[in-house]
Each structure stands twice: as C-alpha cells, then as structure tokens.
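These protein sequences, in sequence, are chains A and B. The opening residue of the first sequence carries number 166 in the working numbering; numbering runs sequentially from there. The opening residue of the second sequence carries number 30 in the working numbering; numbering runs sequentially from there. Glycine included, each C-beta is placed from N, C-alpha and C at the ideal position. Below is one structure, written out as structure tokens, with a few remarks after it.
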Amino acid sequence: MNSTRIEKQRYTRRNRRIIMIGGFFSVLYVLIGLKAFYLQVIKDDDLSEKASSQYQKDIQGRGKRGSIYDANYRELAVSADVVEIGVHPQSVRDKENKKITDKRKLAGVVAGALKMNANFLYKKFKSTAPFVWIDRRVTPAKASALKALGFRGFEYFPTYCRVYPQKALAAQVIGFSGTDGDGLEGLEQYYDEDLKGNIRQWTIIRDAMGRIFDRHESCAPGYEGNNLILTIDATIQYIAEKALKKSVQENNAKDGVAIVMDPETGAIKAIANYPSYNPNSFNLFPKETWRNKALTDPFEPGSTMKIFLVAAALESGMCNPETVINCESGQYRIGRNVIHDTHSHDDLTVHDVIKYSSNIGAAKIAEMIGPAALYNTLRNFGFGEKTGIDCPGESKGLLRNYQSWKKIDNATIAFGQGISVSAIQLISAISAVANNGVLMKPYIVKAITDEHGKIIKSFAPIERRNAIMPDTADALIEMMHAVTERDGTGWQAVPVGYTVCGKTGTAQKLNARGTYRNCEYNGLFVGFSPARSPVLAVLVVIDEPQKHHYGGVVAAPVFKEIVHETFNYLNIAPTSTKEQLNVSNGLGKRGGA
Amino acid sequence: MKQTQPKNYFSFDVSMLLPVLFLTGIGIAMVYSASSEIALRDYGNEYYFFTKQLIFAGVGLCALLICRYIPYRLYHSLTYVLIAGAIIMLVAVLIKGMGHDVNGAARWLRFKGFRFQPVEFARFALIVFMGYSLTKKQDLIEDFKIGFLPHVIMLVIFSMLIIMQPDFGSTALFWMMAWIIMFAGRVRIKHLVSAFILLLPAAAYLIFSSDYRLKRYMTFLDPWKYPQAEGYQITHSLMGFGSGGIWGQGFGQGYQKLFYLPDPHTDFIFSVIGEEGGLRWVLIVLFLYFVILWRGLAIAKSKQDFFGSLLALGITVSITLQAVINMGVNLSLLPTKGLTLPFLSYGGSSLVINLAIIGILMNIWASQKQ
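What follows is the structure, given as structure tokens:
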C-alpha cells in the first residue's frame with residue numbers, strides 16, 4: 166500500500182513538472198509568435214523596403230531618340246537598335262542545363278555567333294567577377310544568333326546607339342549625343358528635349374549574384390522622341406564641304422567656313438566647316454573640330470563691311486552711287502594713323518569705291534555720314550546681336566556703341582576693322598540686301614515630326630526687320646554686281662552663265678594683344694546669285710591661307726563652285742547667253758594674264 | 030498491471046499524427062520553393078533537393094510505421110547497446126577518412142552510399158538513457174551522486190565528442206534536453222539550478238574562446254551593424270519575414286532564397302515560410318508544433334510507466350526544443366546555431382529520425398490504451 170502511495174505521489178509530482186515544462190515551452194511559442202507579429206506587421210514596411218532595396222532596382226530609361234533628316238528626308242542622325250550583352254562567367258550552362266567546363270570551346274562557339282574574337286571572349290569567360298560585359302553594341306541579328314544557341318547565363322539588354330550615316334557631313338551642325346543619349350553638341354543639343362525619348366521607368370529583380378530575373382523591354386513603343394526635318398540639303402551641304410575643303414587644302418589654310426542660305430526665307434541650305442570630324446567616333450577628334458565656327462567664332466569682316474557702309478550712306482541721303490570721292494592717291498592720314506589702298510585711286514564714285522574696294526574711299530564716306538549713321542545701319546543689319554538661329558553657341562560678335570568710337574574707329578569700321586562679326590551674321594546681312602532690305606532670321610529646322618512621321622511643329626520664315634529701304638537695296642545690288650565684273654575684285658566668283666552680286670574681303674587677323682599680324686589673314690567672299698531674284702546667298706571664309714590671302718583669290722572660286730554645282734543640282738537655268746559669253750571671255754583674259 | 034502491448038493494431042493518435050504529416054508536407058513544398066534556384070545552380074536540376082526530401086519523407090514514414098509496432102520497452106533493455114552504438118558512431122565521424130567534411134565540420138558518416146548524421150541518433154540514445162536511468166534511480170533520485178551526477182557524466186562524454194566535430198548547437202541542445210528530462214524525472218531542482226549556475230562560466234568560456242562564436246553572439250545583439258559580414262544571414266532572414274507581412278508574397282514568390290539568404294532550405298526555411306506564407310503560415314506552423322507539444326506531454330503524463338513517460342517526454346522535448354531554437358534563431362531571438370527545424374528543414378537524418386521517434390511516441394500512446 167505504502168509503495169503504491171509513494172508511486173502515486175511520484176506520478177503526480179512528475180506530471181506537475183511535465184505541465185510546467187509544457188507551460189515553459191508554450192510561453193516560448195508565444196514569444197516566437199509575438200516576434201513574428203512584430204516583424205511582419207509592425208516592422209513590415211521598414212523591412213520589406215530594406216529587402217527590396219537589395220533585389221529590386223528601379224531603372225529609368227528613355228525611349229528611342231528621334232532621327233534628324235535633311236530637307237529631302239535623307240537620314241543624317243538615327244538611333245539604331247542594338248543589344249548590350251553580358252555574361253555571368255561562373256554560371257554559363259548549355260541547352261541541357263549542364264555546366265560548361267570547356268570555356269575555350271564556349272568562347273569559340275560564341276565568337277562564331279557574334280563574329281567576335283574568340284581569345285577576347287575566352288578572357289571574359291575566365292573572369293572571376295560575377296558579371297562582365299561582352300559587347301554593348303551588338304546588332305539584334307547577332308544577339309538572336311547567340312540566343313538561339315540556348316546558353317544560360319547570358320544577359321541581353323536591348324538599347325540603341327546613335328549613328329550618323331553621312332559621317333562627317335554637316336557634323337558641326339548636327340553635333341552628337343553621348344553614350345547616355347543626351348545631346349552634347351549642335352542640333353542634338355539644341356533640340357535635345359524634342360529628340361529625346363520619353364522617360365520610362367521599370368523595375369528589375371536581381372538575385373544576390375546580380376542576375377536579372379524579371380525585366381521589361383526597354384524598346385517599348387510610345388516613348389520615342391520626335392524627329393527633326395532640316396532646311397539643310399545634304400547634296401548642297403556636300404557641294405559646299407567639297408569646295409571649301411579644296412580651297413583650304415590648296416591654300417594651306419588653317420580652316421574655313423562656308424554658308425549657303427536662301428536669302429528670301431533665311432533657311433540654311435548648308436553650313437560647312439573644315440576641318441571636320443566624324444560624329445560616330447567624335448572623341449577620336451580634337452574638340453576644336455566639333456565647334457560650328459560659322460556661329461561661334463567671330464572675325465573681322467574686312468572689306469565686306471563696305472557694302473553696309475554704303476548702305477548707311479545711301480540711307481542717310483548724303484550721297485548717291487554717283488557721288489565722287491577723292492581717294493587721295495592711296496594715302497590718307499587720320500590723326501596719327503595713315504590709311505592705305507592696295508591700288509591708288511584719285512577720284513572714285515561711291516559705286517567704284519565698292520567695285521575696287523577702296524579703303525580710303527570707305528573712310529571718307531564714313532567721315533561724311535558720321536558714326537551714328539554707320540552704327541545704326543550696322544545694328545539694323547543685325548551686327549552686334551545674335552541672329553537667333555536655332556543652334557547652340559552663337560556669338561553676337563563685337564560692335565561697340567558709336568559713342569565710344571574715336572575718329573579712327575569710325576574710319577576703320579567702315580572697311581571692316583575694329584568690328585567682329587560671325588559668319589551667320591554676315592550672310593544674314595547680305596541676304597537682307599538680296600531680299601529687298603528685309604532681314605530674315607536664319608533657321609535650320611523646318612519641321613518637327615512625331616514617331617509616326619506626322620508633322621507636329623513647322624517653322625515658317627521670320628522677318629526680323631527692314632534693315633534698309635528697297636531702293637537702297639537695289640542700288641547696292643547694282644554695285645555688288647559690278648564687283649564681279651571683269652575688272653572687279655570678285656570676278657573669280659562668277660560661274661559660267663550666271664550673274665553674281667558679291668563683295669570680297671581680306672582681313673588681317675588680330676593677335677592676342679590686339680595688334681594686327683602681318684602674315685595672317687582671312688580671305689572672304691560673300692554674295693548671292695543670280696543678281697536679280699537671287700536664289701542663293703553664299704559666304705566663304707578661308708582662315709589663314711598661306712599661298713594667297715585675297716578673298717577674291719581664295720574665297721571667290723569656292724563661291725563660284727558652290728553656286729555653279731548647286732544651280733546644276735537645283736536645275737536653275739543660266740541667266741543669259743550674252744552674259745555667259747562675256748564672263749567666259751573675261752575668264753580667258755584673266756586666266757592668261 | 031503493466032500493459033505495454035496495444036490492443037488495436039491499426040489505431041494511431043490522429044491528433045499527433047496529423048500535425049506531423051501536415052508539417053512534413055509543408056516541409057516538402059517549402060524545400061522545393063526554397064532550394065530550386067540553388068539546386069539549379071549547383072546540380073542543374075531544380076528538383077534535386079525536392080526529390081531527395083520526398084524520398085526521405087517516404088523512408089521516414091516507413092520508419093514511423095515500423096516504430097509504431099516496435100514495443101517501446103525494447104529500448105529499455107537495449108539502452109547500453111544504443112549508447113555504445115552512438116558513441117562508436119560519434120568517434121567514427123571524428124576519424125579522418127570515415128567522417129565526411131562539410132564546411133570544415135565533420136558531421137556526416139558515410140555508409141554504402143548513404144550519409145548519416147550520428148548526432149541525430151545520439152540524441153535518441155541520450156533520451157533512452159535518461160529515461161532508463163532516471164526510472165531505475167527513482168528511489169534515490171534526490172541523491173546528488175545517484176540521481177544527478179551519472180546523467181551529467183554521460184552528457185559530458187557525449188558533449189566532448191560532439192564539440193570536437195565541432196557542433197556547438199547540438200551540444201547546447203543535448204544539455205537543455207537532458208536538464209528538462211531530469212526535471213521531469215524528479216531530480217532535485219536545487220541540483221539542476223546550482224549546476225546550471227556553475228555551468229554558466231563554462232558556457233561563457235566556450236562562447237568567448239572561439240572567435241566565430243563570439244562574433245555570432247555580437248551580431249545577435251545587433252545584426253544590422255554587420256549587414257555584410259556575420260549579420261548577413263540574420264538580417265536577410267529578418268527582411269524575409271518583413272517582406273512577407275501578414276499574407277506573404279505567395280508560394281515560390283520569395284526573393285531571399287535567390288542567393289541572398291544562405292541555407293534557405295535547411296537552417297532558414299522558417300524565414301522562407303515567413304516571406305512566402307506571411308504571418309498566416311508562421312502562426313499555422315507554430316500552432317502545429319504547439320499541438321505536437323501538448324499531445325506529446327499528454328502521452329507522457331498518461332503513462333504510469335516511468336520509462337515510457339520519460340521517453341515520450343524526451344521525444345516531445347527534443348522536437349520542441351529544436352523547433353523553438355531554430356525559430357528563435359530565424360527571428361533573431363537567439364544567436365545563430367546550426368540547428369534545423371524538425372519535419373520542415375531539408376535533411377535526411379533529421380527527418381527520418383524525427384518521424385521514427387514520432388512512431389515510438391505512437392507506440393507509447395497505443396500501449397497505454399486498455
């Protein structure tokens with residue numbers, strides 16, 4: 166009995182302790198449940214944010230960048246679809262999901278698909294890094310060929326790269342965009358907001374080895390940028406570049422600029438810069454060549470200014486084309502300075518001051534009308550202000566207010582010293598003469614189209630102001646026509662069968678200290694053709710020619726070639742056979758002399 | 030009055046069996062979800078671990094069935110055979126050439142193409158020994174030299190062998206398990222508490238003597254301080270729970286197993302459940318363990334036979350302790366230990382032994398039915 170009682174006592178005590186053990190563990194389970202509740206309900210957001218920051222990445226990208234076309238829809242800049250290909254070298258597997266051990270063989274197979282160097286690939290596959298890029302500009306066709314092999318462990322990222330199919334053509338105008346798709350120079354920069362694809366966002370999921378699990382295509386439609394349609398004609402651009410290049414090379418010049426413009430509208434047909442660069446590999450070229458010097462680099466215009474001086478004189482009513490100016494036989498003193506003429510003249514009419522480009526004549530006309538009249542007319546032609554052309558980096562040149570001019574300044578500005586102008590200013594001003602005195606705003610983009618080719622914005626010509634009266638313009642046209650006559654300074658600018666109005670210019674270049682250098686010149690020719698109802702205005706600037714430096718010699722032939730070939734291209738018939746004969750006779754005479 | 034053979038050969042304790050089967054099922058599914066990416070990377074077959082776990086579960090269920098019909102008193106008479114077998118295996122695993130190294134720890138024994146963790150068997154042997162010895166010494170149980178000391182000596186022998194693997198987690202598990210069984214076996218609380226206090230410095234020494242254990246302890250205190258180093262695993266486990274929220278990311282939809290969380294299918298499967306199943310499934314799993322605990326304790330309580338009672342208790346406690354420690358580690362309530370979650374974690378030895386001892390529990394349950 167006793168032992169049963171003891172046993173019973175042990176039994177109850179044991180069970181009491183078992184209950185205690187159960188209670189102890191139950192408390193632990195409750196603690197675990199509470200901690201889980203704390204983590205999953207209270208700290209929920211905080212922790213999942215921490216987690217997603219590891220495996221999730223929001224990627225921002227842009228849709229395809231718009232194209233740039235010339236006036237005839239020829240492609241100047243396009244975005245090509247390419248695929249960026251990378252690999253996780255340690256986890257490449259074949260179709261049957263077997264790990265690939267023979268990496269040299271793998272490199273050979275992949276090299277076949279991508280048409281790449283097998284040794285180069287082998288080095289990539291040997292890498293111990295979790296992820297390496299193979300090539301970031303693979304054509305979609307090659308990428309598909311690799312995909313078809315069925316290997317695992319490769320990553321494909323569809324993207325695009327900017328291609329300039331015409332290479333260096335109009336490179337300074339078009340500019341280029343960087344690898345991240347931002348326009349960096351030229352129109353690519355100026356119209357970046359239009360060209361850029363729309364921003365789109367997507368999320369990628371990565372595992373801890375950096376492999377991507379889930380991804381949206383980046384080439385989705387509806388995000389593409391808009392396209393630019395230029396006023397530039399690729400053929401005329403090519404003609405201008407070719408002619409400019411020839412002269413710069415023949416004359417051992419430093420560089421050169423040529424602009425072709427429609428004087429009636431201000432539409433730019435070509436802007437040529439030489440030397441040029443290839444925007445497809447812009448970083449291989451000196452930065453110097455990227456600049457559109459026609460806009461950015463002002464220069465002293467030399468004798469071409471005389472046109473605008475005479476315009477001021479005619480507008481002032483103080484003289485007419487037949488007014489006679491005494492040209493002091495080639496030497497004229499103003500204070501301590503002496504002005505020279507290349508060829509000495511005694512009495513010249515205003516008309517002949519232009520034709521023979523007399524500096525003394527110009528200085529005396531300027532003295533006659535006074536600085537205010539000259540300054541105001543130059544301002545009216547747009548000097549000293551930006552033309553507003555739709556390109557980045559435009560300079561406004563240098564035209565000081567006449568109140569700060571000294572006597573000698575008034576005289577030298579009259580023949581283009583002590584003033585600096587940009588090429589685009591100069592051709593705009595000349596175009597105003599050709600356009601009945603109306604100054605147009607130069608422009609390069611005539612329309613913007615959306616991704617379907619529908620025009621969403623078009624640009625009409627913009628009149629800036631009436632620079633001079635139509636009568637004045639008519640008188641100037643007469644004088645400028647005389648420049649290209651047989652005995653004028655610009656006779657070399659005339660293509661067979663056409664009439665040309667123009668003006669030569671030869672300007673000594675200023676050095677860094679502001680004094681003129683003896684051996685460094687700009688040779689210029691600016692003009693338009695045909696003389697009556699002009700179709701083209703052309704400016705040619707040859708910078709630092711070595712052999713000859715007269716604008717009539719280095720720049721006028723470029724003008725001629727551009728006008729001639731462009732007229733052929735545009736099917737513009739020669740003006741008159743009589744003129745054609747005259748000019749060819751003139752050519753023969755001069756050529757033989 | 031002792032009746033150790035069951036009357037009804039086909040009856041099972043359903044309220045114990047269902048949670049176990051349910052957990053095993055969840056385990057198979059979660060092992061697949063947690064391991065498929067790793068399996069694909071390492072074996073080129075996403076079902077590698079899943080298939081093996083399925084086979085282990087099959088073997089384990091067979092073991093459960095067999096053990097259900099082996100009279101548990103048999104273990105009583107085989108106590109010293111089991112102890113000897115466990116010690117031989119634990120020694121064998123330490124001998125170079127026989128043990129199979131994983132991550133610098135020799136925990137596996139290879140036998141005819143099978144791998145086996147002796148420590149899982151030793152756990153069972155220790156439970157049997159404790160039950161046998163405590164039952165035998167009931168009369169003099171309050172005597173320190175008889176009721177307490179011999180069990181501690183056996184523990185020390187086991188611990189020394191296990192620590193040499195090294196396997197600190199299992200050592201700690203053994204001690205806790207033994208203490209709880211001794212407590213139920215009426216060993217004097219004074220002995221248990223005072224020895225525990227005396228053992229604290231030893232435990233502290235073990236922690237601070239080893240760099241990696243010290244680091245584990247430091248990261249336990251503030252895992253976010255070392256998110257790239259020692260705290261990496263635990264912070265990713267916590268992120269998993271947090272991402273899961275109440276409703277979970279959905280089965281197979283978790284991200285931590287994408288090589289962020291190390292050992293997602295073994296030590297950290299509970300975190301994957303938390304991420305993919307949310308608090309819902311965490312509480313379901315907790316509830317299932319809770320049922321196993323109280324069903325096991327009910328069987329232990331119902332036994333007149335001291336050996337059977339302590340055996341049932343030991344089995345229940347060994348499963349519950351592992352679950353508590355593993356879940357505690359997953360939730361950063363405890364410093365990191367290399368212990369798996371019974372029935373859920375991937376692992377053959379653990380799953381087969383755990384199902385087998387549930388079978389033994391069933392036999393104990395059936396044998397007391399009159």
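For residue i, is the beta carbon positioned less than 8 angstroms from some heavy atom of the ligand SAH?
i        : result
PRO635/A : The ligand SAH is absent from the structure shown, which contains no ligands of any kind.
Can you name, in chain order, every residue of its own chain whose Cβ lies under 7 angstroms from the Cβ of residue i, other than the five neighbours on each side?
i        : result
ASN180/A : none
THR295/B : THR369, SER374, TYR375 and GLY376
MET247/B : none
ILE397/A : ASP235, ALA236, ALA335, VAL338, ILE433, LYS434, ALA435 and ILE609
PRO179/B : SER162
VAL413/A : ASP420, GLY421, TYR439 and ILE707
Rounded to the nearest angstrom, how far is the Cβ of residue i from that of residue j, given a contact under 8 angstroms?
i        : j        : result
TYR734/A : THR469/A : So it is not a contact: roughly 26 angstroms between Cβ atoms.
LEU340/B : VAL157/B : 7 angstroms
THR461/A : GLY558/A : 5 angstroms
ILE504/A : ASN524/A : 5 angstroms
ALA201/A : VAL311/B : 5 angstroms
ALA459/A : ILE436/A : 5 angstroms
ILE170/B : GLY214/B : 7 angstroms
Using a cut-off of 7 angstroms between C-beta atoms, extract the partners of residue i located in chain A.
i        : result
ARG70/B  : SER256
ALA329/B : ILE183
LEU184/B : Neighbours of LEU184/B on chain A: none; closest Cβ ~18 angstroms, over 7 angstroms.
ALA121/B : Ordered by position in chain A, no residue passes the 7 angstroms Cβ test against ALA121/B, which lies about 34 angstroms from the chain.
LYS357/B : Checking the sequence, you will find Gly at residue 357/B rather than Lys. What GLY357/B touches in chain A: ILE197.
ILE466/B : Because chain B spans 30 through 399 in this model, residue 466/B falls outside it and cannot be assessed.
GLY73/B  : ARG258, ASN262, LYS263 and LYS264
ILE209/B : ILE186
THR349/B : PHE190
Candidates the options: which alpha carbon is nearest residue i's?
i        : options                                   : result
GLY390/A : ARG371/A, ASP372/A, ARG365/A and SER412/A : ARG365/A
GLU685/A : GLY716/A, VAL691/A, VAL703/A and THR664/A : GLY716/A
TRP204/B : ILE84/B, SER188/B and THR80/B             : SER188/B
LEU363/B : SER347/B, LYS166/B, ASP251/B and TRP137/B : ASP251/B
ASP71/B  : ASP708/A, ARG258/A, TYR567/A and VAL665/A : ARG258/A
TYR194/A : HIS265/B, VAL314/B, PHE39/B and ASP172/B  : VAL314/B
LYS173/A : ASP296/B, SER331/B and GLY176/B           : SER331/B
LYS260/A : LYS174/B, GLY73/B and GLY279/B            : GLY73/B
LEU384/B : PHE39/B, TYR38/B, LEU184/B and GLY56/B    : GLY56/B
GLN590/A : SER623/A, LEU311/A, LEU360/A and SER560/A : SER560/A
VAL763/A : LYS674/A, GLU643/A, ALA738/A and ALA423/A : A query on residue 763/A cannot be resolved here, the shown segment of chain A reaching from 166 to 758 and no further.
GLU320/A : LYS307/A, TRP298/A and TYR329/A           : TRP298/A
GLY318/A : VAL328/A, ALA308/A and HIS253/A           : HIS253/A
Name, please, each residue of chain B whose Cβ falls closer than 7 angstroms to the Cβ of residue i.
i        : result
ASN180/A : LYS330
ALA201/A : PHE270, GLY303, LEU308, VAL311 and LEU360
ASP211/A : GLY271
Using a cut-off of 9 angstroms between C-beta atoms, extract the partners of residue i located in chain A.
i        : result
TYR289/B : ALA216, GLN219, TYR220, ASP372 and ALA373
SER338/B : TYR176, ARG179, ASN180 and ILE183
Counting only the same chain and skipping the five closest in sequence on each side, list residues whose C-beta sits under 6 angstroms from that of residue i.
i        : result
ALA478/A : CYS484, ILE530 and ILE534
GLY277/B : GLU305, GLY306 and GLY307
ALA272/A : ALA283, LEU286, TYR287 and PHE290
THR577/A : GLY583
VAL299/B : With the sequence shown as reference, residue 299/B is identified as Phe, and Val is not the correct amino acid for it. Counting only Cβ-Cβ distances below 6 angstroms, and skipping sequence neighbours, we find MET356, ASN359 and LEU370.
GLU353/A : GLY340, PHE341 and SER342
TYR388/A : GLY228, GLY362, ASN363 and ARG365
Starting from residue i, find everything on chain B with Cβ-Cβ shorter than 8 angstroms and list it in chain order.
i        : result
TYR194/A : LEU315, TYR318, PHE319, LEU322 and VAL353
ARG175/A : GLN167, ARG215 and PHE335
Anything in chain A within Cβ reach of residue i, meaning under 8 angstroms, just list it in chain order.
i        : result
THR295/B : Result: empty, since nearest Cβ-Cβ is about 17 angstroms, beyond 8 angstroms.
LEU326/B : ILE183, ILE184, ILE186 and GLY187
CB-CB under 8 angstroms to residue i, same chain, minus the five flanking residues each way: which ones, in chain order?
i        : result
GLY114/B : PHE150 and ALA154
I want to verify the contact list: residues of chain B whose CB lies under 9 angstroms from the CB of residue i, in sequence order.
i        : result
LYS208/A : LEU267, PHE270 and GLY271
**Message:** With three or more C-beta pairs closer than 8 angstroms as the rule, is the stretch 600 to 620 of chain A touching the stretch 494 to 501 of chain A?
**Reply:** no
>> Check whether the stretch 291 to 304 of chain A and the stretch 203 to 213 of chain A are in contact - that is, three or more C-beta pairs closer than 8 angstroms.
In response: no
Would you call the stretch 275 to 292 of chain B and the stretch 314 to 321 of chain B touching, i.e. three or more CB-CB distances under 8 angstroms?
no
query: Is the stretch 324 to 341 of chain A touching the stretch 430 to 450 of chain A, taking contact as three or more C-beta pairs under 8 angstroms?
result: The stretch 324 to 341 of chain A makes contact with the stretch 430 to 450 of chain A: 3 or more CB pairs, one atom from each, lie closer than 8 angstroms.
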